[in-house]
Amino acid sequence: MTDHYYSDEPHSTSDPVLFEATVKGQRLKLYTDHGVFSRGKIDYGTQLLIESVQLNEPVTILDLGCGYGPVGITLALTYPLSQVWMIDRNERAVGLARQNAKKNAVLDRTTIHVGDGLKDFDASQYFQAILLNPPIRAGKETIFRLYREAAEHVTDDGAFYIVIQKKQGADSSERYLQSLFHDVVLIAKSAGYRVYRSRQRK
């Protein structure tokens, strides 16, 4: 099996590195490794997603496809009265996310799991904010499944946020989101990336 960030168990040799970054006014210290998305730095799309989302506390947040945790950890620091869930199918990434939550002193208000999307979540479990940087390499079928699962688990007054590049299918993602939600809005765009907020699921 090809070893990439959407693998369950990366086969590449582990070689963790620690880097620092400032996002949304929060100074982060993050471990990354081979076999996870955007090793060694927070990618531009993820930064744009984090910066674009404005929430009111307290709020339940899901970082869907959390990787090593920059989204969930930043939001846990920014909104300390909130509870943050983080999930990823990549076991190495989830291990790093737990390590990073502890490193940045938010482990007490984060719940971090290994899992493929939301299909193993209880049907009655809802979140007021779900954020996703879609795993483009996994293909459109997987990405659209994640959109459907997010729509099923966002509260009536909540929102689902994604970031995606125009060249990687932003237009088709927007159309698909419009089939799932009544209110789909482009809230930010920069350097070819677009951030969409979807509310009021159909």
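Residue numbering for the sequence shown follows the numbering used here, beginning at 8 and increasing consecutively.
No residue lacks a Cβ here, since even glycine has one placed at the ideal position from N, Cα and C.
Only a predicted model underlies this, so the values are computations on that prediction, with no experimental measurement involved.
Helix or strand or just coil, what does DSSP make of residue i?
i             : result
lysine 3      : Within the shown structure, residues of the chain are numbered from 8 to 209, placing residue 3 beyond reach of any answer.
arginine 208  : strand
alanine 112   : coil
lysine 36     : strand
glycine 72    : coil
aspartate 178 : helix
isoleucine 49 : coil
glutamine 106 : helix
glutamine 61  : coil
glycine 165   : strand
valine 101    : helix
How would you call residue i, buried or exposed, if buried means at least 16 neighbouring beta carbons within 10 angstroms?
i             : result
glycine 146   : exposed
aspartate 40  : buried
glutamine 106 : buried
arginine 182  : exposed
valine 91     : buried
glycine 165   : buried
Just to confirm, does residue i get its C-beta within under 7 Å of one of the non-hydrogen atoms of the ligand NAD?
i          : result
serine 179 : With respect to small molecules bound, the structure shown includes none, and the ligand NAD cannot be examined in it.
Ignore the nearest five residues each way along the sequence and tell me which others in residue i's own chain have a CB closer than 6 Å to its CB.
i           : result
leucine 88  : Glu64 and Pro65
leucine 125 : Glu156 and His160
valine 60   : Tyr168
alanine 28  : Leu35 and Ile49
Excluding the five sequence neighbours on either side, which residues of its own chain have a C-beta within less than 7 Å of the C-beta of residue i, listed in chain order?
i            : result
leucine 184  : Tyr154, Val191, Tyr203 and Ser205
aspartate 22 : Asp40 and His41
alanine 198  : Tyr51
leucine 55   : Val170, Ala195, Ser197, Tyr200 and Val202
Within 8 Å (strictly less), CB to CB, does residue i reach chain D?
i          : result
glycine 52 : The structure shown contains no chain D, having only a single protein chain.
Residue i bridges to which residues according to DSSP?
i                 : result
threonine 117     : Val91
phenylalanine 128 : Bridge partners of phenylalanine 128: none, in fact.
glutamate 27      : Lys36
alanine 145       : Alanine 145 pairs with nothing; no bridge assigned.
Kindly list the residues whose CB is nearer than 8 Å to the CB of residue i, restricted to its own chain and excluding five residues on each side of it in sequence; keep chain order.
i            : result
glutamate 58 : Val30, Lys31 and Ala195
leucine 43   : The sequence given here has valine at residue 43, not leucine. Result list for valine 43: Tyr12, Pro17, Gly74, Tyr75, Asn97, Arg99, Ala100 and Leu103, in chain order.
lysine 110   : Lys36, Leu37 and Tyr38
If I'm right that residue i touches residue j with Cβ under 8 Å, what's the distance once you round it to whole angstroms?
i                 : j           : result
phenylalanine 26  : glycine 47  : 6 Å
isoleucine 137    : leucine 71  : 6 Å
arginine 201      : lysine 174  : Not really, about 11 Å apart at Cβ, beyond 8 Å.
phenylalanine 188 : alanine 158 : 7 Å
aspartate 95      : valine 121  : 7 Å
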